[in-house]
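Quick note: the sequence shown uses the working numbering, first residue 1135, plus one each step. The beta-carbon is built from N, C-alpha and C at its ideal position, and this holds for glycine as well. Below is one structure, written out as structure tokens, with a few remarks after it.
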Amino acid sequence: MAENLFISKIRTLFNNTIESLNTLHIAFCFDDNYAMPAGIAMSSVILNNPDKNLVFHLFANNVSNEKIIIFNQLSKENISIICYEISDNFSINPDTLVLHVSASTCLRFIVPQMLNKVTSRVLYLDCDVLCTDNLNELINTDLTNKYSAVVPDVDKTQEKQCLACGISHGEYFNAGMIYINTDMWVQNNLTEKAFAMINSGKVYKFADQDVLNILMQGKTVFLPRRFNRLTSLTVGGGEDNLISDDSAIIHYVTGNKPWYQLYITSLYRRYIELSPWAKDKLLLANENAPSTTRRYAKLLASQHKYFAAFKYYLIYLKHKTCKKR
């Protein structure tokens, strides 16, 4: 199978199981830049789901061994971690990857094909999520004759992408959380179809997400938004205060991520402090978007914090100058 060409090595970090508990398989796909956020997301799942065995499948694309080693600190009696190292053969047509989409996000195409050997159900999660509640309701979803259980995207994206992808109104989902029926996936050869579409030369606005919506059209179960609560952060990270208490998975969309100092939220900070990454130094902001620092400087100035505003404006000028070189 083609997907095996993309896996250079499989290694089990640890394998711990409590026989009396049910098992949930969870997959994350990431490169070196997203190793820490993936770990925070995993830690949040562990903290809120102590009643089941959790098997994490990490599809790691050029992730340093130093960063992989840290995941060993998540070991508990009900936790297992298996790491799939991605080979140099993995590549995606760069013309398709608009909106700064990383090629690593397309690794989710191989997840169900690879894991069908061990499970008929797998929960795929993006790395920019927090799990804040037990997931029993989600994983008890009946997926008979369905590819997956998903959550609708925000209304504005929903409307535009249903039209762009030729999907029925109201059926465009966000791909940051997908509970997948791996049997249905394999039976219908979705891995090969997905790669054929993404590499065809046609540009999809949301790349892999559009492809998955087209392939799964009409065969998904739509779940309440609490299982993929889409949140856009601004400087200061106050948006978490507006999230409803029943949210089970919070998904931080856009490039403003909560592991940057300018966007960190009190909730995300709490989960960092409860994880093996508690002592990691956080970057100020996405280095590819220095305008963030300028906006923060303006916010501080509006609050009459002029010294701090001047400091961050100088940082913005430094980032902007370095980017031009």
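Have a look at the DSSP bridge pairing and note the partners of residue i.
i: Asn1161; result: In the sequence as presented, Asn is not what sits at residue 1161; that position holds Ala. Partner(s): His1191, Tyr1258.
i: Val1285; result: Asn1308
i: His1385; result: Val1263, Leu1364
i: Arg1145; result: Cys1217
i: Phe1356; result: Val1284
Using 10 angstroms around the beta-carbon of residue i, count the other beta-carbons present and answer buried if the total reaches 16, otherwise exposed.
i: Leu1233; result: Annotation note: pLDDT 49 at Leu1233 (below 50); position unreliable, no value reported.
i: Glu1211; result: exposed
i: Asn1149; result: exposed
i: Gln1437; result: exposed
i: Lys1391; result: buried
i: Gly1300; result: exposed
i: Leu1297; result: exposed
i: Ser1381; result: buried
i: Phe1162; result: buried
i: Tyr1440; result: exposed
i: Asn1199; result: exposed
i: Val1197; result: buried
i: Ser1400; result: exposed
i: Ser1282; result: buried
i: His1374; result: The identity of residue 1374 in the sequence shown is Asp, whereas the question assumes His. So Asp1374 ends up on the buried side.
i: Ser1214; result: buried
i: Asp1287; result: buried
Can you check which of these residues, the options, is closest to residue i by C-alpha distance?
i: Thr1146; options: Ile1160, Leu1192, Phe1307; result: Leu1192
i: Val1320; options: Lys1186, Pro1246, Leu1401, Ile1377; result: Pro1246
i: Thr1366; options: Asn1250, Tyr1397, Val1355, Arg1359; result: Here residue 1366 turns out to be Ser, not Thr, going by the sequence shown. Looking at the Cα atoms, Tyr1397 is the closest of the given residues.
i: Leu1269; options: Ser1225, Gly1372, Thr1157; result: Thr1157
i: Asp1289; options: Ser1334, Asn1187, Glu1305; result: Glu1305
i: Leu1346; options: Val1197, Glu1326, Gly1335; result: Glu1326
i: Lys1280; options: Leu1451, Gly1352, Leu1259, Ala1194; result: Gly1352
i: Thr1278; options: Glu1271, Leu1259, Val1285, Arg1255; result: Arg1255
i: Thr1368; options: Val1387, Glu1271, Asn1274, Tyr1218; result: Val1387
i: Thr1253; options: Tyr1394, Phe1307, Met1318; result: Met1318
i: Arg1359; options: Val1285, Ala1194, Asn1183, Ala1435; result: Val1285
i: Asp1267; options: Leu1448, Asn1183, Met1176; result: Asn1183
i: Asn1274; options: Gly1335, Met1331, Asp1287, Phe1361; result: Phe1361
With a Cβ-Cβ cutoff of 8 Å, do residue i and residue j count as a contact?
i: Phe1164; j: Asn1223; result: no
i: Leu1349; j: Leu1376; result: no
i: Ala1309; j: Asp1276; result: no
i: Ser1238; j: Ser1142; result: no
i: Phe1329; j: Phe1243; result: yes
i: Leu1241; j: Tyr1313; result: no
i: Leu1249; j: Thr1316; result: yes
i: Asp1262; j: His1385; result: yes
i: Ala1431; j: Ala1419; result: no
i: Gln1295; j: Phe1340; result: yes
i: Thr1077; j: Tyr1402; result: Limits of the chain in this structure are 1135 at one end and 1459 at the other, which puts residue 1077 out of reach.
i: Ile1160; j: Leu1259; result: yes
i: Leu1357; j: Leu1272; result: yes
i: Leu1433; j: Gly1370; result: yes
i: Leu1408; j: Gln1395; result: no
i: Ile1226; j: Asn1322; result: no
Please work out which residues of its chain come closer than 6 Å, Cβ to Cβ, to residue i, disregarding the five sequence neighbours upstream and downstream, and give them in chain order.
i: Thr1178; result: It is Ser, not Thr, that sits at residue 1178 in the sequence shown. Counting only Cβ-Cβ distances below 6 Å, and skipping sequence neighbours, we find Leu1264, Cys1265, Tyr1405.
i: Pro1410; result: Ile1204, Gln1207
i: Ile1144; result: Tyr1218
Going by beta carbon distance, what residues of the same chain come within less than 8 Å of residue i, once the five residues before and after it are set aside?
i: Ala1412; result: Ile1406
i: Ile1152; result: Asn1187, Glu1211, Asn1212
i: Ser1302; result: Cys1296, Gln1351, Gly1352
i: Leu1155; result: Asp1185, Lys1186, Asn1187, Asn1212
Who are the Cβ neighbours of residue i in its own chain at under 7 Å, not counting the five residues just before and after it?
i: Lys1201; result: Asp1166, Ala1169
i: Arg1363; result: Ile1377, Ser1381, Ile1383, Ile1384, His1385
i: Tyr1450; result: Pro1424, Thr1427, Arg1428, Ala1431
Taking only heavy atoms of the ligand MG into account, decide whether any of them is closer than 7 Å to the Cβ of residue i.
i: Tyr1405; result: This structure simply doesn't include the ligand MG, nor any ligand for that matter.
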